[in-house]
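Colleague: Numbering (this note's numbering), first residue to last: 322 to 427.
Just so you know, even glycine gets a beta-carbon here, dropped at the ideal spot from N, CA and C.
Here it is, the structure, as structure tokens.
Below you can see the structure in the form of structure tokens.
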């Protein structure tokens, strides 16, 4: 079975009630952290340059703290917001990935 099928099967079997309170707590912490970093990056020099291109990519996907754009451009800009101020090149943990290694997309 392909990895994406395994992932889809796993995800479809998960329910909120079956997720441990410790996991829910950690997910909330990382989500709040990612949003905080995103909002602090909205007016950064790189984000300001990229935001000028929003009108080139119309769509209904939300951009954190702003309007909407195409799904791919929104994901790109949201990811830029989340990663710009995070300094995750200094991330030192036992986890295999940085917690904000996501592509935020609505």
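Take the Cβ of residue 336 as the centre, count every other Cβ of all protein chains shown within 10 Å, and call the residue buried at 16 or more, exposed below.
Modeller: By the 10 Å Cβ count, residue 336 comes out exposed.
Colleague: Between the stretch 323 to 336 and the stretch 368 to 383, can you find at least three pairs of beta-carbon atoms closer than 8 angstroms?
Modeller: Contact between the stretch 368 to 383 and the stretch 323 to 336 is absent, because fewer than three Cβ pairs lie under 8 angstroms.
Colleague: Take the Cβ of residue 350 as the centre, count every other Cβ of all protein chains shown within 10 Å, and call the residue buried at 16 or more, exposed below.
Modeller: Answer is exposed; the Cβ neighbour count stays below 16.
Colleague: Provide the residue(s) that pair with residue 383 in DSSP beta bridges, ordered along the chain.
Modeller: In DSSP, residue 383 forms a bridge with 389.
Colleague: Can you grab the Cα-Cα spacing for the pair residue 389 / residue 406, in whole Å?
Modeller: The straight-line gap from Cα to Cα measures roughly 22 angstroms.
Colleague: What residue range does the alpha helix (DSSP H) around residue 328 cover?
Modeller: 324 to 333 is the extent of the alpha helix (DSSP H) around residue 328.
Colleague: Can you look up residue 403 in the DSSP assignment and give me helix, strand or coil?
Modeller: Reduced to three states, the DSSP call for residue 403 is helix.
Colleague: Please confirm whether residue 362 and residue 368 have their CB atoms less than 8 angstroms apart.
Modeller: Yes. Within cutoff.
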